[in-house]
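J.: Heads up: the protein sequence lines correspond to chains U and S, in order. Our numbering numbers the first residue of the first sequence as 767 and each following residue consecutively. Our numbering numbers the first residue of the second sequence as 863 and each following residue consecutively. Beta carbons are placed, not taken as given, at the ideal position from N, Cα and C, and that holds for glycine.
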Amino acid sequence: MRGPLRNIAAIASTAVLELYRRRDVYTAVVLAIVVTVPLASVNVFGVKGIVRYLREITLLLVWLFTLVIGLTTAARQIPRELENRTIYALLAKPLRRSEFILGKFAGAVAATGLAVLLFYLCYVVLDGLKEGVWYTPVLPQVVLLHLALVALMTALVIFGSTFLTPSANVTCSALIVAGMLLFGQKIPEAAARAVAPASWILWTAHAVLPHFEFFDLRLRLVHGWEPISPAVLLAVLGYCTLYTTALLGGAVAIFSRKRL
Amino acid sequence: MPEPTVAIEIDRLSKVYPGGNRALSDFSLAVDAGEIFGFLGPNGAGKTTTIKILLGFMPPTSGTVRVLGGDPRLPETRRRIGYLPEVANYYGYMTVDELLRYYGRLCGMSRDAIRKRTDELLELVGLADVRRRQLKHFSKGMLQRAGIAQALLHDPDLLILDEPMTGLDPPARLQMRDIILRQKQQGKTVFFSSHELSEAELICDRVGILKAGCTVWCGPTNEVTGDGAGNLERIFLNMIRQNESEQQK
């Protein structure tokens, strides 16, 4: 592995090691068990057709826990290095600040991504055991786009942690992610109805804020719909790549000028 | 390219923090390659600011800094520097073995080189028996010894030590002194800031005394301590007071 990649991998590996050593991994396991509760209770209700609702609740929990784990994992990466002053020994090594930022990003994505995979594994196993459905064609797309969302969300938090306090960063990021997931698609409609300056603000938000709702394929999985076309999938992944790159570029630019 | 004979060159360095606090003003210093240089001064003199600029952690307001002939903001220059921070905080969830492996990878060392060097250094600093214990269970002195091991890991040409004796008991101090002197024997340069004047007196070739961002004295240690009539502590206090009274005039 070459210099920059080796440095990024070294920094990223510490995030995963920390997840394991600080026993955060147990939190993910407990949450994974919680995720399975709705599906496990299918027979309790004994109502035909209720499976879809329970699947929906299960996936809602998967997304909710992913947001919590993802936001908190990403938000502590840089501030903890600064608070504990470990950053001094680290940046005294032949390491570029860009490698530090990218390493922290990769580590947080890897740690949250592992939790996401664990959640979906629980979902698939329980759905398979209860309903006999072990594979649906849309499932790989659901997982892939969920991981893409984790990457984008992590980039947003890493960007925020270069200039915001940890609590302000988590609050702002959570508001943006949850707000866009819930209302992202409705912004153009609301902007069209609103009058200036509210309409300008809404159009700006629509243009500037990352559209996390693009990555949400839960309904397709719940109802067993067809997968999205490869072209759309590539477009969403491209959008994620562009936005993530821009946010990380901003983080590197700010952090490179930061006085330590 | 020939090796530079001056390890650290600081020329008319000034640093003014946002808010107007002037930490350094027109401060110049040269540290020769292969010497042990003691960087002394009271709290708030500008020692830590100087070290941060020497490691590229912050830019100066004006003036230039060259470390081993290069710009310390470049990774290539820092590859030849070993740094022990004043506060020895490392990752509590790692073992000292893992810490050195982590830093070794960042220094571009091979797996075998890291393993070999880790064995040597943990023996040297007396942490070989606790190499698999997590750092959160280490005492302050043990963390300081882990710190010196990470600073020496990649066999740097210049060691920058910020208060290296902090938290060390007398045997560990003796050990640290031996490590520093051994570096000099190997032709390395050691630049260390300290409040421990007696330590500086024992091991430094030269000392520089900093006060309010300016050098008030710089020269060979034996010159400042003279024929033994005055120790470094007394001379240090005289210099600082003399400088204060001159400023008052």
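(1) Against chain S, with Cβ distances strictly below 7 Å, would tyrosine 854 of chain U count as a contact?
(2) Assess contact between the region 873-883 of chain S and the region 946-963 of chain U, defined as three or more Cβ pairs (one per stretch) separated by less than 8 Å. Is contact present?
(3) Can you give the Cα-Cα distance for methionine 946 of chain U and phenylalanine 925 of chain U, rounded to whole angstroms?
(4) Between alanine 895 of chain S and threonine 1051 of chain S, how many whole angstroms is the CB-CB distance? I'm expecting something under 8 Å.
(5) Provide the residue(s) that pair with lysine 1073 of chain S in DSSP beta bridges, ordered along the chain.
(6) Check each candidate in U:Val988, U:Thr1007, U:Val974, U:Thr928 and name the one with the smallest Cα separation from isoleucine 942 of chain U.
(7) Which value, in whole angstroms, describes the spacing of the CA atoms of tryptophan 966 of chain U and glycine 950 of chain U?
(8) Enumerate, from N- to C-terminal direction, the unbroken alpha helix (DSSP H) stretches of 4 or more residues contained entirely within the region 934-977 of chain S.
(9) Write down the C-beta distance between alanine 877 of chain U and leucine 785 of chain U rounded to the nearest angstrom, noting that I regard them as a contact closer than 8 Å.
(10) Can you pull the chain U residues whose beta carbon is under 9 Å from the beta carbon of glutamate 1025 of chain S, in chain order?
(11) In the DSSP assignment, the alpha helix (DSSP H) including leucine 891 of chain S goes from what residue to what residue?
(12) Pick out whichever of U:Ile853, U:Gly1015, U:Ala874 has its Cα sitting closest to the Cα of leucine 725 of chain U.
(13) Taking CB distances under 7 Å as the criterion, tell me whether valine 1052 of chain S reaches chain U.
(14) Does phenylalanine 919 of chain S come within less than 7 Å of chain U when only Cβ atoms are used?
(15) Would you say arginine 789 of chain U lies against chain S (beta-carbon separation less than 7 Å)?
(16) Relative to the C-alpha of proline 770 of chain U, which residue among U:Arg846, U:Glu992, U:Lys859 is closest?
(17) Would you kindly work out how many angstroms separate the C-alpha atoms of methionine 1038 of chain S and glutamate 1058 of chain S, rounded to a whole number?
(18) Around the C-beta of serine 807 of chain U, are 16 or more other C-beta atoms found within 10 angstroms, so that it is buried, or is it exposed?
(19) Suppose the cutoff is 7 Å on Cβ atoms and the five residues either side in sequence are ignored; what does the same chain contact list for glycine 990 of chain U look like?
(20) In whole angstroms, what is the alpha-carbon distance linking isoleucine 823 of chain U and isoleucine 774 of chain U?
(21) Figure out for me which residue from S:Leu1014, S:Lys1002, S:Thr939, S:Ile898 has the closest Cα to the Cα of aspartate 1031 of chain S.
(22) For a contact defined as C-beta to C-beta under 8 Å, what are the partners of glutamine 1012 of chain S on chain B?
(23) Can you tell me whether glycine 945 of chain U is helix, strand or coil according to DSSP?
(24) Looking only at C-alpha atoms, which of U:Ala781, U:Gln843, U:Leu833, U:Ile867 sits nearest to isoleucine 1020 of chain U?
(25) Would you tell me roughly how many angstroms separate the C-alpha atoms of valine 795 of chain U and leucine 830 of chain U, rounded to the nearest one?
(26) Pull up the CB-CB distance for leucine 1072 of chain S and glycine 908 of chain S, whole angstroms please, since I reckon it's below 8 Å.
(27) Report yes if the C-beta of leucine 895 of chain U is less than 6 Å from at least one heavy atom of the ligand GTP; otherwise report no.
(28) Between the region 836-851 of chain U and the region 977-997 of chain U, do three or more beta carbon pairs fall short of 8 Å?
(29) Comparing C-alpha positions only, which one of U:Leu884, U:Val891, U:Ala921, U:Ala962 sits nearest to leucine 797 of chain U?
(30) Which whole-angstrom value describes the C-beta separation of leucine 886 of chain S and leucine 875 of chain S, a residue pair presumed to lie in contact below a C-beta threshold of 8 Å?
(31) Taking proline 947 of chain S as the query, report the chain U residues whose CB atoms sit under 7 Å from its CB, ordered along the chain.
(32) In this structure, how does DSSP classify phenylalanine 899 of chain S when only helix, strand and coil are distinguished?
(33) Counting only Cβ pairs nearer than 8 Å, list the residues of chain S close to threonine 780 of chain U.
(34) For leucine 930 of chain S versus leucine 1020 of chain S, is the C-beta spacing smaller than 7 Å?
(35) Mind checking isoleucine 898 of chain S: buried by the 16 CB within 10 Å criterion, or exposed?
T.: By the coordinates alone:
(1) yes
(2) no
(3) 18 Å
(4) 5 Å
(5) Answer is S:Cys1076.
(6) U:Val974
(7) 16 Å
(8) 937-940, 958-968
(9) Rounded, the Cβ-Cβ distance is 5 Å, consistent with contact.
(10) None at all; the shortest Cβ gap to chain U is about 13 Å.
(11) Taken as a continuous stretch (DSSP letters only), leucine 891 of chain S belongs to no alpha helix (DSSP H), being part of the beta strand (DSSP E) at 884-894.
(12) This structure does not reach residue 725 of chain U, given that chain U is present from 767 up to 1026, and the question cannot be answered.
(13) Chain U contact via Cβ: absent.
(14) yes
(15) No, because no Cβ of chain S sits closer than 7 Å to the Cβ of arginine 789 of chain U.
(16) U:Lys859
(17) 13 Å
(18) exposed
(19) If we look at glycine 990 of chain U and ignore the five residues flanking it on each side, its Cβ neighbours are Thr902.
(20) 37 Å
(21) The shortest C-alpha separation from aspartate 1031 of chain S is found at S:Lys1002.
(22) In the structure shown, chain B cannot be found, because the protein chains are U and S.
(23) helix
(24) U:Ile867
(25) Approximately 15 Å between the Cα atoms of the pair.
(26) 6 Å
(27) With respect to the ligand GTP, the structure offers nothing, as it holds no ligand at all.
(28) no
(29) U:Leu884
(30) 5 Å
(31) Arg851, Tyr854, Ala855
(32) strand
(33) Tyr953, Met956, Tyr964
(34) Result yes, Cβ atoms of leucine 930 of chain S and leucine 1020 of chain S sit closer than 7 Å.
(35) buried
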